[in-house]
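Quick note, the sequences are listed as chains A and B, same order.
Quick note on the working numbering: the first sequence kicks off at 10 and runs consecutively.
Quick note on the working numbering: the second sequence kicks off at 326 and runs consecutively.
For glycine and all other residues, C-beta sits at the position ideal for the given N, C-alpha and C.
Since we're looking at a predicted model, the values are computed, not measured.
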Amino acid sequence: MNVIAKSVVAAGVLTWMLAAAPLGAHHSFTAEFDENKPVKLTGKVTSMKWGNPHAWIYIDVTGPDGKVVNWALETGNANQLIRNGWKKEDLPVGTPLVAEGWQARNGTPTANVNSITLNGRRLFAGTSNTNAQQPQQ
Amino acid sequence: MKRAFRRALIVTMLVVPFAALLAPAQQRGRGGAGRGGAARGGRGASEPVRRMPDGKPDLTGMYLASSSGANYGLEQNPRDFLTPGTGGVVVDPPDRRLPYQEWARAERIERELPERGYDDPTAHCFVAGVPRSMYTPSPYQILQPPGYVVMLFERMSWRIIPLDNRPHLPDNVRLWQGDSVGHWEGDTLVVETTNFNGKAWLNERGDIVSHAQHVVEEFIPVDANTITYRATVTDPVVYTRPWTIQMPLNRRTVQDGDTRRDDQLLEVACHEDNGDLQHLKEVKDAARAAKQEKEK
Numbered sequence: 010m011n012v013i014a015k016s017v018v019a020a021g022v023l024t025w026m027l028a029a030a031p032l033g034a035h036h037s038f039t040a041e042f043d044e045n046k047p048v049k050l051t052g053k054v055t056s057m058k059w060g061n062p063h064a065w066i067y068i069d070v071t072g073p074d075g076k077v078v079n080w081a082l083e084t085g086n087a088n089q090l091i092r093n094g095w096k097k098e099d100l101p102v103g104t105p106l107v108a109e110g111w112q113a114r115n116g117t118p119t120a121n122v123n124s125i126t127l128n129g130r131r132l133f134a135g136t137s138n139t140n141a142q143q144p145q146q
Numbered sequence: 326m327k328r329a330f331r332r333a334l335i336v337t338m339l340v341v342p343f344a345a346l347l348a349p350a351q352q353r354g355r356g357g358a359g360r361g362g363a364a365r366g367g368r369g370a371s372e373p374v375r376r377m378p379d380g381k382p383d384l385t386g387m388y389l390a391s392s393s394g395a396n397y398g399l400e401q402n403p404r405d406f407l408t409p410g411t412g413g414v415v416v417d418p419p420d421r422r423l424p425y426q427e428w429a430r431a432e433r434i435e436r437e438l439p440e441r442g443y444d445d446p447t448a449h450c451f452v453a454g455v456p457r458s459m460y461t462p463s464p465y466q467i468l469q470p471p472g473y474v475v476m477l478f479e480r481m482s483w484r485i486i487p488l489d490n491r492p493h494l495p496d497n498v499r500l501w502q503g504d505s506v507g508h509w510e511g512d513t514l515v516v517e518t519t520n521f522n523g524k525a526w527l528n529e530r531g532d533i534v535s536h537a538q539h540v541v542e543e544f545i546p547v548d549a550n551t552i553t554y555r556a557t558v559t560d561p562v563v564y565t566r567p568w569t570i571q572m573p574l575n576r577r578t579v580q581d582g583d584t585r586r587d588d589q590l591l592e593v594a595c596h597e598d599n600g601d602l603q604h605l606k607e608v609k610d611a612a613r614a615a616k617q618e619k620e621k
């Protein structure tokens, strides 16, 4: 699979995973994440954790001071991903992305993601059907 | 062929989330949670109800409720930040509002505070209870061994329902899922459940039940792929009168080569990686500390 194809597949994986998050929630996302702490994170994928009750994407984000912080992005559960035919390798380590969302209320580098920008293309990845945008093919 | 397959995968990935997110709105447009529609991804609504050798309906298979977001509220609710809006599944009382006693409505509203998110038992991976187990957004499998209906929930709990009219457990035995006994009334499976421990929340918004909860459920087969589910809850500690919710349960199938087959139960080992719980606890602890500081 060439680089472009990998990126397209990764975009699809991200879109599905993040949009699926509220459908498989086992706890209140509103209770965990802070509407007053919006974040915009530019980084690269370091790993994925395919666990339950939620799977997580981890990205390294380099701050203005050069310090690298590893952020955890929460998604739906692993079973949802498996049922749709996905596996861990579908989102390669090193994939660059920009994530926008809200930070956890406890101030840790943890976020619920509203959108992902991959290769300059903003993908819907939110938790509401009110701002859904069909990605441009 | 490889390119076509990859394109199909990509289209699926991009379309499925939107279809799933928009489904509740589409369902409301067809007449609300009270209507049992065709199973999405099923074998078609025209197939008649399947039958067991004794002529009773064959309900066996994998199901998921089309619940208009009942896991986030049984009444109609607007979206609240990351908590999805809900279509409302209450069909009685006619105003589609839960008939809370005054104190209980106040408690229900307080449960929406961020610091109360920690108190939802499902955040701790506890059993969802009844009726919440039936509309939690994870699939479940129904089995019908002789004399029983058995429900296995992917979030790793179960209901074993004998059909022999046996008495319920002694009153001092209290369970998350309660004690269920069922019987057939024509083609409808009727299940009565008592002996609850009163600890469950009915959804993430915090709709309430107590130890006095008594549930009568009806599983009404519509066709081979759809069951209309009704649950009437009586709880005089919390409510002024009984109330009823209704929603379709849809058979879940998956594509397997050229054919579709029933989906397969996996597992949600919820304690494996429940990192959210520590976050929720810290939110609760911070709110408690702030309150104590204010009271000084």
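| task | Since I believe A/K49 is in contact with A/V107 (beta carbons under 8 Å), could you give me their beta-carbon distance rounded to a whole number of angstroms? | result | Here the question's residue 107 of chain A lines up with position 98 in the first sequence. Here the question's residue 49 of chain A lines up with position 40 in the first sequence. That belief holds up - the Cβ atoms of A/V107 and A/K49 are roughly 7 Å apart, short of 8 Å.
| field | Residue range of the unbroken alpha helix (DSSP H) whose run includes B/S505 | value | Walking along the second sequence from the start, residue 505 of chain B turns up at place 180. No alpha helix (DSSP H) holds B/S505; the beta strand (DSSP E) holding it covers 504–510.
| query | Among the residues of its own chain, which have a CB less than 6 Å from the CB of A/T119, if the five just before and after it don't count? | reply | Within the first sequence, the letter at position 110 stands for residue 119 of chain A. Excluding sequence neighbours, A/T119 sits near A81, A113.
| query | Hey, which unbroken runs of the alpha helix (DSSP H) at 4 residues or more fall wholly within the stretch 361–436 of chain B? | reply | Within the stretch 361–436 of chain B, the complete alpha helix (DSSP H) runs of at least 4 residues are 427–435.
| said: Measuring straight from C-alpha to C-alpha, what distance separates B/N396 and A/G75? | reply: Sequence index remark: in the second sequence, residue 396 of chain B carries index 71 (1-based). Sequence index remark: in the first sequence, residue 75 of chain A carries index 66 (1-based). So the alpha carbons of these two residues sit roughly 43 Å apart.
| field | Best match in B/S393, B/S391, B/E372 for proximity to B/D383 [C-alpha to C-alpha] | value | One-based indexing of the second sequence puts residue 383 of chain B at position 58. Ranking B/S393, B/S391, B/E372 by Cα distance to B/D383 puts B/E372 first.
| field | Endpoints, beta strand (DSSP E) assigned at A/A108 | value | Taking the first sequence and counting its residues from 1, the one referred to as residue 108 of chain A is at position 99. Unbroken beta strand (DSSP E) run through A/A108: 105–113.
| Is A/R130 close to chain B, meaning its C-beta is less than 7 Å from at least one C-beta of that chain? | Stepping through the first sequence from its first residue, residue 130 of chain A is reached at position 121. Interface residue (Cβ-Cβ distance to chain B less than 7 Å): A/R130 is not classified as such.
| Supposed close pair B/L590, B/M387 - CB separation, criterion 8 Å | Against the second sequence, residue 590 of chain B aligns to sequence position 265. Against the second sequence, residue 387 of chain B aligns to sequence position 62. Confirmed, Cβ separation roughly 7 Å.
| Got a sec? Which residues, its chain only, sit under 6 Å from B/G361 by beta carbon, not counting five neighbours each side? | As a working mapping, residue 361 of chain B is identified with position 36 in the second sequence. Residue confidence for B/G361 is low, a pLDDT of 32 falling below 50, so the modelled location carries little weight; the figure read from the coordinates is stated next. Contacts found: V547, T551, T553, P573.
| message | Counting only beta-carbon separations shorter than 7 Å, does B/V654 have a partner in chain A? | response | Summary: the structure shown does not reach residue 654 of chain B, with chain B confined to residues 326 through 621, and so no result is reported for it.
| Interface residues of chain A facing B/N599 [CB-CB closer than 7 Å] | Walking along the second sequence from the start, residue 599 of chain B turns up at place 274. The answer, in chain order, is P62.
| Does the beta carbon of B/P626 come closer than 7 Å to any beta carbon on chain A? | The requested residue 626 of chain B is not part of the displayed model; chain B covers only 326 to 621.
| query | Are any of the Cβ atoms in chain A nearer than 7 Å to that of B/D610? | reply | One-based indexing of the second sequence puts residue 610 of chain B at position 285. Against chain A, the CB of B/D610 has no partner CB under 7 Å away; the residue lies outside that interface.
| query | Does DSSP put B/D548 in a helix, in a strand, or in coil? | reply | The sequence position of residue 548 of chain B within the second sequence is 223, counting from 1. Three-state DSSP puts B/D548 in a strand.
| request: Using a Cβ cut-off of 8 Å, pull out every chain A residue sitting near B/G582, in sequence order please. | output: The sequence position of residue 582 of chain B within the second sequence is 257, counting from 1. The CB of B/G582 never comes closer than 8 Å to any CB in chain A; the least such distance is about 14 Å.
| field | Chain-ordered neighbours of A/K58 on chain B, where CB pairs are closer than 7 Å | value | In the first sequence, counting from the first residue as 1, residue 58 of chain A sits at position 49. The answer, in chain order, is D598.
| query | Where does A/V122 sit, in a helix, a strand or coil, going by DSSP? | reply | In the first sequence, counting from the first residue as 1, residue 122 of chain A sits at position 113. Strand.
| said: Bridge partners for B/Q571 per DSSP, in chain order? | reply: As a first step, residue 571 of chain B is located in the second sequence; it is residue number 246 there, counting from the start. For B/Q571, which the question treats as bridged, DSSP gives the partners B/R555.
| task | Enumerate in chain order the residues of its own chain whose CB-to-CB distance from A/P62 is below 7 Å, with the five nearest sequence positions on each side excluded. | result | Sequence index remark: in the first sequence, residue 62 of chain A carries index 53 (1-based). Listed in chain order, the non-local C-beta contacts of A/P62 below 7 Å within the same chain comprise H35, N86, local neighbours out to five positions each way being set aside.
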